[in-house]
């Protein structure tokens, strides 16, 4: 929870089913609560105008941006298949919506702000022993959205701002595990 504002950041509900020793499926849904004016920054943007690789003009803008977050729904779906009594194949997919509110192109306040929805998939191989469990896996994340930037065709001393499309890719290898202390 968000203790300073005395309200929850998100709520999660989940459901699952297991055919013991064979396979299982689970789904979680997160609701991320909207927050008003909880993030802020004092930033100075330096804007350079170049011609033929040489700096021609320089412009500075001080920005005090304070913004909140929108509500969002995140969905996670995963499953396991027991290949044997000690090996499990795991896979999952997820969708995480951006909590960034609509980007403002009337000022530079939202420069460096990204409104990106993320989608991903994971695959792992788990090993169960008497002492616990270890999973080795890989995760791929793809994000698509937009960010605010200054319009390079506008006047340097009276800049205008626009949104541009953003794509985000990530691959991660992971190891996770648990220890069963009652069997030690």
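In the numbering used here, the protein residues as written are -7 to 176.
In this text, a Cβ means the ideal position worked out from N, Cα and C, and glycines have one as well.
Proximity winner among the options, relative to residue i (alpha-carbon distances)
i: residue 173; options: 122, 160, 144; result: 122
i: residue 161; options: 11, 110, 17; result: 110
i: residue 15; options: 83, 158, 150; result: 83
i: residue 129; options: 81, 150, 146; result: 81
i: residue 79; options: 125, 155, 158, 69; result: 125
Under 8 Å between C-beta atoms of residue i and residue j
i: residue 105; j: residue 117; result: no
i: residue 131; j: residue 166; result: yes
i: residue 23; j: residue 63; result: yes
Under the three-state DSSP convention, the category residue i falls into
i: residue 22; result: strand
i: residue 179; result: This structure does not reach residue 179, given that the chain is present from -7 up to 176, and the question cannot be answered.
i: residue 101; result: helix
i: residue 174; result: helix
i: residue 144; result: coil
i: residue 4; result: strand
i: residue 157; result: strand
i: residue 64; result: strand
Contact belief for residue i with residue j at Cβ below 8 Å, rounded distance in angstroms
i: residue 12; j: residue 61; result: Wrong, their Cβ atoms sit about 40 Å apart, outside the cutoff.
i: residue 67; j: residue 86; result: 7 Å
i: residue 153; j: residue 99; result: 7 Å
i: residue 71; j: residue 127; result: Residue 71 to residue 127, Cβ: 13 Å. No contact.
Any chain B beta carbon closer than 8 Å to residue i
i: residue 27; result: No chain B is present in this structure, which holds just one protein chain.
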